[in-house]
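Quick note: the sequence shown, position 112, residue 1105 per my numbering, numbers continuous. Shown next, in structure tokens, is the structure this report addresses.
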Amino acid sequence: MNNQSFTFDQFHIEVARNASDDFNLFHDKHKWLQITHNPFKGPIVLGYQLNTLIEYQMRLYREAHHEDEIIAKNNLYFSNYQITFVNAVRPQIPVYLNIKKTLIKTIPTLTLGNRIVMKSDGKTVLLGFKKETQAPLFLAETNLDNLPDLNEIPDHTAIPGTNYFLKRKYMNNGSVKNFLSGSFAEQSDYFDELTHIAHYPEIFPCSLSSGALLEKAQLEKHDFKLNPMVYTSHEISVDRRYLSQLKNNEKLHILVEQLPESNDNTLNQTNIILRTYNCYGLLQNNEVLFRMTLNLVSLKDILKNLPD
994 MNNQSFTFDQ FHIEVARNAS DDFNLFHDKH KWLQITHNPF KGPIVLGYQL NTLIEYQMRL
1054 YREAHHEDEI IAKNNLYFSN YQITFVNAVR PQIPVYLNIK KTLIKTIPTL TLGNRIVMKS
1114 DGKTVLLGFK KETQAPLFLA ETNLDNLPDL NEIPDHTAIP GTNYFLKRKY MNNGSVKNFL
1174 SGSFAEQSDY FDELTHIAHY PEIFPCSLSS GALLEKAQLE KHDFKLNPMV YTSHEISVDR
1234 RYLSQLKNNE KLHILVEQLP ESNDNTLNQT NIILRTYNCY GLLQNNEVLF RMTLNLVSLK
1294 DILKNLPD
């Protein structure tokens, strides 16, 4: 599946950011100008939009190669995305997605994996892998059994006795459809009111974590104009069993853990320190829908390290 082309308009960005409550200035058609030394010269596409584009094209790829049957037969419950963002995607500039041939590994357990490459304007914008596994590839060891009743914790506050910030969201079919359409995914493949079909996509619940990070930073008085942050990578594991049970108005508890910054945690062997967040999406009874590690860096640190 080579070099399929997609061209985002500003309208796609508006739809996706509104659907996911992402108020990052980088995506705003007016406020991008307020970002100090913004190198992108305009609004940019959301990272989770690109992930959703990958999700949908991988779905079509799996179906065309009958790999969805392998996934179901072998209990490959977890959908995993390992994404590195290299450059930004701008409206009106075509994006080319290349999905490499599936590699099937049986040791130590069965894994279906595909390398993903996305290019735009002659540059690589995204690299990564999509893998199907029996267990989550990311944050599998985290134990969330001893949390208090999250329904009793006020929204956008710290969870007592933990390192987690809590953001509470509710699933909304209309928002999901809009996010799919803004990401070049066919919404009718997921929702059909006449036949009472509603299958939530994998990435949309994860995308709500961006808003959670923004709200946390806002409470901490972060200056989004003087010190904007950009994603460098997403590592995502989604449990399809819980995903299949999602319904309209379902409550989602997003837990955000910010790890201490360290000189040992830097961007690609540079001296740019990464800011790392572990995020979890929990449903009723604390069922873990998704686990993610998100890495961000300060834009000004990137610009300082660019060659003259």
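Cβ atoms here follow ideal geometry from the backbone N, Cα and C, with glycine treated the same way.
- Assigned with DSSP and collapsed to three states, Ala1128 falls in coil, not helix or strand.
- With a threshold of 16 other beta carbon atoms within 10 Å, Gly1154 falls short and is exposed.
- For Ile1247 against Lys1116, the beta-carbon gap comes to about 32 Å, at or over 8 Å, which does not count as contact.
- With a contact defined as Cβ atoms closer than 8 Å, Pro1036 and Pro1084 qualify at about 7 Å.
- The beta-carbon distance between Leu1105 and Leu1069, rounded to whole angstroms, is 7 Å. This is short enough to meet the 8 Å contact definition.
- DSSP links Ala1151 through a beta bridge to Phe1158.
- Here the alpha carbon of Ile1064 sits roughly 12 Å from the alpha carbon of His1058.
- For Ala1133, the secondary structure class from DSSP, reduced to helix, strand or coil, is coil.
- The alpha-carbon separation between Asn1073 and Phe1122 amounts to approximately 8 Å.
- In the DSSP assignment, Ser1230 falls within the beta strand (DSSP E) that extends over 1222-1232.
- With respect to the 8 Å criterion, Thr1225 and Thr1077 are classified as neighbours on the basis of their beta carbons.
- For Phe1217, the CB contacts under 6 Å within the same chain, skipping 5 residues up- and downstream, are Leu1018 in chain order.
- Judged by beta-carbon spacing, Ala1081 lies beyond the 8 Å limit of Val1110, meaning their Cβ atoms are not closer than that value.
- Pairing Leu1039 with Ala1009 gives a Cβ-Cβ distance under 8 Å.
- Residue environment analysis places Gly1167 among the exposed positions, since fewer than 16 neighbouring C-beta atoms fall within 10 angstroms of its C-beta.
- Between the beta-carbon of Asp1014 and that of Leu1201 there is about 7 Å, and that keeps the pair under the 8 Å contact cut.
- Excluding its 5 nearest sequence neighbours in each direction, Asn1171 has C-beta neighbours in its own chain below 6 Å: Val1008, Ala1012, listed in chain order.
- Residue pairing by DSSP puts Arg1284 in a beta bridge opposite Ser1230, Tyr1273.
- With a minimum length of 3 residues, the unbroken runs of beta strand (DSSP E) contained wholly in the region 1095-1121 fall at 1096-1098, 1104-1113.
- Listed as beta-bridge partners of Thr1259 by DSSP are Ile1266.
- Fewer than three beta-carbon pairs drawn from the region 1142-1158 and the region 1090-1104 are found closer than 8 Å, and the two stretches are therefore not classed as touching.
- Exclusion of the five residues before and after Ser1113 leaves Val1082, Ile1086, Val1088 as the residues of its chain whose Cβ lies within less than 6 Å of its Cβ.
- In the DSSP annotation of this structure, the continuous segment of the alpha helix (DSSP H) that includes Ser1202 starts and ends at 1196-1212.
- Across the structure, His1005 and Ser1176 are spaced so that their CA atoms are roughly 7 Å apart.
- For Leu1090, there is no enclosing alpha helix (DSSP H); the residue is part of the beta strand (DSSP E) that begins and ends at 1088-1092.
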